[in-house]
Every structure is written in C-alpha cells, then in structure tokens.
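FYI, the numbering for the sequence shown is 5 to 233, going by the numbering used here. These notes are about the structure you will find just below.
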Amino acid sequence: MKVRLLQFTPEADKTVAMAARLCYSASTTTALEESLDEAEVARLVRMLRRLGHLSPFEHASFTIAIEGLSRTASHQLVRSRIASYSQQSQRYIDQLGFDYVIPPSVESEAKLKARFLAHMDVSRDLYESLRDAGVPKEDARFVLPQAVASNLVMSKNARAWLEWLELRTCTRSQWEIRELANRTLSLLQSASPYLFENAGPPCVTQHVCREGHLSCGRIDTIRSENACE
Ligand SMILES: Cc1cc2nc3c(=O)[nH]c(=O)nc-3n(C[C@H](O)[C@H](O)[C@H](O)COP(=O)(O)OP(=O)(O)OC[C@H]3O[C@@H](n4cnc5c(N)ncnc54)[C@H](O)[C@@H]3O)c2cc1C
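If you want it as structure tokens, here you go:
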C-alpha cells in the first residue's frame, strides 16, 4: 500500500487558531492573523482539543492518495460518511490484470498462500472468459475477489480525521485499514503538528478504552505504566 498526502490547507494550525480566536475578539481577521505567533497558535489549538471545542478544526482540510488498498479495506473506509472519496471504478476500468492484497496470515503460510494465489488465477480466468463472451465490465466484476487492490483519493477536515484516527488506529480495527490509519497519522502530523498532536487510539491519547469486553487489553498496560511514573 502507498499513502501520500496530496494537498492540505496552507498554515492549517494557524487557520484553526485564528478562527477560534475570532469568536471572542472584536478585532479584524487581518489584525488577528498578524498577532498570532507560533506559541499562541500552539496554545489555542491545544486548548480547543482539551475542551473538545473542535468546530474550528473543520476549517482545515487534508487530502490523501491511497494506492493498493484491498476492496475489503476500501469498503470499511467508505463507511465514514464525513469525508469525500474518489475511487477507481470497476465499471469503467478493465480488471483483467488486477492486483491484489495478500493478508499476512495467508502470506506467512506457504500452502495457504499457494491456494490463495491459485484462487486469484481462477478469478482472473473467469473474469477474462466473461469479458471475452461480451459480458460488460460492470457485470464481469461480480466474480472478482475482495482482495482486489484499488486506488482512491480521500479528503476530510481535521476534526473528521481526528475521529477517524481514533477508530482506525485502534487494534480493534483490521490490520490493513489500521496500517492506512497509522501511515496517515504520520503524514498529518508532519503537515500540521498541533492539530494532530496526541492523535491516535483513545487508550494512548486519553488513557481510556471504549471497547468493553472486546478490548485488546492494551489499556491495562498503559494504565499500569502511567501509575508507576
Ligand atoms: C473496529 C470496527 C468494527 C466495525 N464493525 C462493523 C460491523 O461489524 N458492521 C458494520 O456495519 N459496521 C462496522 N463498523 C463501521 C462503524 O459502525 C461505522 O459505520 C464506521 O466506523 C464509521 O463511523 P462513524 O459513523 O462514526 O463515521 P462518520 O460516518 O464519518 O460519522 C462521523 C460522526 O458524524 C455523526 N454522524 C454521521 N452521520 C450521522 C447520521 N446519519 N446521524 C447522526 N449522526 C451522524 C456521528 O456523530 C458520527 O460519529 C466497524 C467499525 C470499526 C472501527
């Protein structure tokens, strides 16, 4: 999988800080912009996160490009509605030479992997036969596996990214979308250090776990480590 940060709001931290400050100031936006140095931006953004006043975070937008994500993971991805997506279409793009993602649990077992690869070949052959028989792409794709790799462009505002990162960096999320979330988190943090400071799973960022009996148990380790400090 490849993940790239395609575009983002310039000076995103400052834009959010300025929007927040404007709510409580009689000043003009120009005067506010000039008065905000980096320390004040950091202070304001951290305060908004701490108080949960996150609507100013919606002024900053970040767009990522994803290559080689399975259709399994992309289906999980597009369940998040507060986002914009563009995904390569299997209705319009021929899938004859489709790429696919092999789960680590299959990759590590030689016999299983051989059967998995054989199944990909069978799917490809059947797809090709249907296409040769004149079946349109939009119908031939019904025989494609969920492992088929896909490319997408995805945009969210900073508030929506924070919520998504909480869900998808959690170990309860599946390995592939979790890898996407962890890589996205690094990209967002390098573009906008204050907005995404201390972002990630709630066990790490807030020392709470909302997964109940499905919890992975990591929260117990984190709590005991912090109790010792
Ligand atoms: C570990 C894990 C396991 C999952 N398992 C399943 C599963 O088995 N089956 C399944 O179907 N899904 C499953 N999901 C998907 C999950 O239920 C959500 O659909 C997905 O994570 C998107 O979350 P969201 O609705 O909070 O995000 P978004 O759609 O981006 O929404 C963000 C927030 O906006 C608000 N919002 C958005 N739309 C509405 C609305 N219509 N009404 C009111 N408020 C709204 C809510 O506050 C919401 O939290 C799973 C997700 C995870 C992380």
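C-beta atoms are modelled at their ideal positions from N, C-alpha and C, and glycine is treated no differently.
Excluding the 5 residues flanking residue i on each side, which residues of the same chain have their C-beta closer than 6 angstroms to its C-beta?
i: Phe200; result: Leu192, Gln193
i: Glu62; result: Asn161, Arg163
i: Ser31; result: none
i: Cys174; result: Pro205
Between residue i and ligand 1, is the CB less than 7 angstroms from at least one heavy atom?
i: Leu171; result: yes
i: Glu167; result: yes
i: Arg75; result: no
i: Arg182; result: no
i: Ile86; result: yes
i: Ala164; result: yes
i: Trp83; result: It is worth fixing the name first, because residue 83 is Arg in this sequence and not Trp. Because some heavy atom of ligand 1 lies under 7 angstroms away, the Cβ of Arg83 counts as near it: yes.
i: Ser177; result: yes
Under 7 angstroms Cβ to Cβ from residue i, same chain only, skipping five residues before and after it: list those, please.
i: Ser78; result: Gln91, Ser154, Leu156
Shortest alpha-carbon distance to residue i belongs to which of the options?
i: Tyr198; options: Ala231, Leu26, Arg53; result: Arg53
i: Ala43; options: Val82, Met22, Leu81; result: Met22
i: Ile70; options: Ala185, Lys117, Glu215; result: Ala185
i: Cys27; options: Leu9, Asp41, His57; result: His57
i: Ala151; options: Leu218, Thr67, Gln11, Arg128; result: Arg128
i: Ile106; options: Leu100, Gln99, Ala114; result: Ala114
i: Val139; options: Gln99, Ile68, Leu218; result: Gln99
i: Leu218; options: Arg75, Ile181, Arg176, Ala195; result: Arg176
i: Leu166; options: Ser133, Gly221, Glu111, Ser190; result: Ser190
i: Trp179; options: Thr13, Ala24, Gln80, Thr33; result: Gln80
Excluding sequence positions up to five away, which residues of its chain have a Cβ less than 8 angstroms from the Cβ of residue i?
i: Ser29; result: Leu36
i: Ile226; result: Cys207, Val208, His211
i: Lys18; result: Glu37, Leu40, Val45
Under 8 angstroms between the Cβ atoms of residue i and residue j?
i: Gly204; j: Leu171; result: no
i: Ser159; j: Ala231; result: no
i: Val20; j: Ala64; result: yes
i: Tyr104; j: Pro149; result: yes
i: Arg95; j: Glu132; result: no
i: Gly72; j: Met124; result: no
i: Phe66; j: Leu9; result: yes
- Whole beta strand (DSSP E) elements within the stretch 92–166, 3-residue minimum: 153–161
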